[in-house]
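Residue numbers (this note's numbering), protein chains in the order written: chain A, 1 to 158; chain B, 1001 to 1158.
C-beta atoms are modelled at their ideal positions from N, C-alpha and C, and glycine is treated no differently.
Keep in mind it's a predicted model, so treat the numbers as computed, not measured.
2 protein chains.
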Amino acid sequence: MATRDSQDDASAGQVSDAGLRAFLGYTIKRTDNVILSNIAAVLKPLDLRVVTFSALVLVGDNPGLRQSQLADALGIERPNLVVIVDELEGRGLIRRDRVPTDRRAYALTVTAVGKSLCEAASAAVRTREDALLDGISAAERKQIEGLMRRIESTGGRR
Amino acid sequence: MATRDSQDDASAGQVSDAGLRAFLGYTIKRTDNVILSNIAAVLKPLDLRVVTFSALVLVGDNPGLRQSQLADALGIERPNLVVIVDELEGRGLIRRDRVPTDRRAYALTVTAVGKSLCEAASAAVRTREDALLDGISAAERKQIEGLMRRIESTGGRR
DNA sequence: TATTGTTATACTCTATAACTATA
DNA sequence: TATAGTTATAGAGTATAACAATA
Chain A
1 MATRDSQDDA SAGQVSDAGL RAFLGYTIKR TDNVILSNIA AVLKPLDLRV
51 VTFSALVLVG DNPGLRQSQL ADALGIERPN LVVIVDELEG RGLIRRDRVP
101 TDRRAYALTV TAVGKSLCEA ASAAVRTRED ALLDGISAAE RKQIEGLMRR
151 IESTGGRR
Chain B
1001 MATRDSQDDA SAGQVSDAGL RAFLGYTIKR TDNVILSNIA AVLKPLDLRV
1051 VTFSALVLVG DNPGLRQSQL ADALGIERPN LVVIVDELEG RGLIRRDRVP
1101 TDRRAYALTV TAVGKSLCEA ASAAVRTRED ALLDGISAAE RKQIEGLMRR
1151 IESTGGRR
């Protein structure tokens, strides 16, 4: 006999998520939440959010990128990107330059200030990720990446 | 010499996300998005969202669960859970019963209708996940789960 | 005094239609 | 006619404060 009255309920004690753990998506989502909130916490002191940081990295890696391409890469709608680019430009982190061959479009580039902030942010994120991955070998990490990318490509269009 | 004028930009051609791929969180987030949108698509015909499905599974596994415990398990705030429970109760999928020993609280349970819908939904989600994991062995899947849970527990409180 | 569920509300994110200026 | 960026706006999702009933 248990000490507490053995009702078959969860009114006291731990809540079981065993049923949800049967779905891999649940475990992946929980892990994703943990990683994202950690990254967000690391970026906050630099006045960056996950989106603005991602935008900075993408523009840095793709100089001359247009806003519609950036929106597409970030997986957000064009209208919603405008305020993000406004913010980054207003802080002097990126530049909007008119494209001579197509005066409708803007070519986005990272400024020197933006580049150094991006590098500092990247280092901070890398450090935090390494801490989260403590005890996980480089080989295991490679394996996660490979498996994730296989699932992603199987899932097709989203 | 390339055929197109070789500007060092991305105004034409593919956008590189190599810089973001350096962060494991990016790859995991993309995979998570794919899985979640696939699950959402599978649940839609059953008039379930990911939250309502998760709530159904949790209440089913923890009969007598209270709303505050459910909100906690789902990672949402108590006020936001109210409309979810309203919806599930309104559709006759769960029941709210007063707890005799604490008349402030409700004991949540899944009805017979809710149980059969939950089982159908679970089967559909499982089938879709299996399709996404096509080509990934049971051992690899176990490995993903183990590694994810290690990362999750290292990340601590969120 | 503290807690359960609730209401009201605000803030962020996301999604769509429609405008402008160019092409 | 179509496209790039923009504006306005509406809808989710999420967060906090405060209330009534109960402990």
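Below-8 Å beta-carbon distance, Asn1080 of chain B vs any chain A residue: no
Chain A contact for Ala1123 of chain B (CB, 8 Å cutoff): no
Where Leu1108 of chain B falls: helix, strand or coil (DSSP): strand
Per-residue DSSP class, three states only, for Asp130 of chain A: helix
Segments of 3+ residues assigned as beta strand (DSSP E) that fall wholly inside the region 1009–1049 of chain B: none
7 Å Cβ shell around Leu1020 of chain B - same chain, five flanking residues per side excluded: Tyr1026
Inter-residue spacing [alpha-carbon to alpha-carbon] between Cys1165 of chain B and Leu93 of chain A: The question about residue 1165 of chain B has no answer here: the residues shown for chain B are numbered 1001 through 1158.
Limits of the unbroken alpha helix (DSSP H) element including Ile151 of chain A: Ala138 to Thr154
Proximal residues of chain A, C-beta to C-beta of Ala1073 of chain B below 7 Å: Val15 and Asp17
Spatial neighbours of Ser1006 of chain B in its chain, beta-carbon cut-off 6 Å, leaving aside the 5 residues before and after: Because Ser1006 of chain B sits at a pLDDT of 34, beneath the cut-off of 50, its placement in the model cannot be relied upon, and the following sentence gives the value as read from the coordinates. So no residue of the chain qualifies.
Contacts that Glu1145 of chain B makes with chain A (C-beta to C-beta distance below 7 Å): Leu24 and Thr27
Cutoff 8 Å; reference Glu1089 of chain B; Cβ partners in own chain excluding five residues on either side: Arg1095 and Arg1096
Completely contained beta strand (DSSP E) runs for the region 52–110 of chain A, where each covers 3 or more residues: 94–99 and 102–110
Buried versus exposed call for Lys142 of chain A [16 or more other C-beta atoms within 10 Å across all chains shown]: exposed
Gly114 of chain A in three-state terms, based on DSSP: helix
Val34 of chain A, buried or exposed, once every other Cβ within 10 Å from all chains shown has been counted against 16: buried
Cα-Cα separation between Val1067 of chain B and Arg1104 of chain B, rounded to whole angstroms: Before going on, a small fix: residue 1067 of chain B reads as Gln here, not Val. Whole-angstrom Cα-Cα distance: 11 Å.
Interface flag, Arg1095 of chain B vs chain A, CB-CB below 8 Å: no
Interface flag, Glu129 of chain A vs chain B, CB-CB below 8 Å: yes
Straight-line gap, Asp61 of chain A to Val85 of chain A (C-alpha atoms, nearest Å): 16 Å
Arg1049 of chain B beta carbon less than 8 Å from that of Leu1056 of chain B: no
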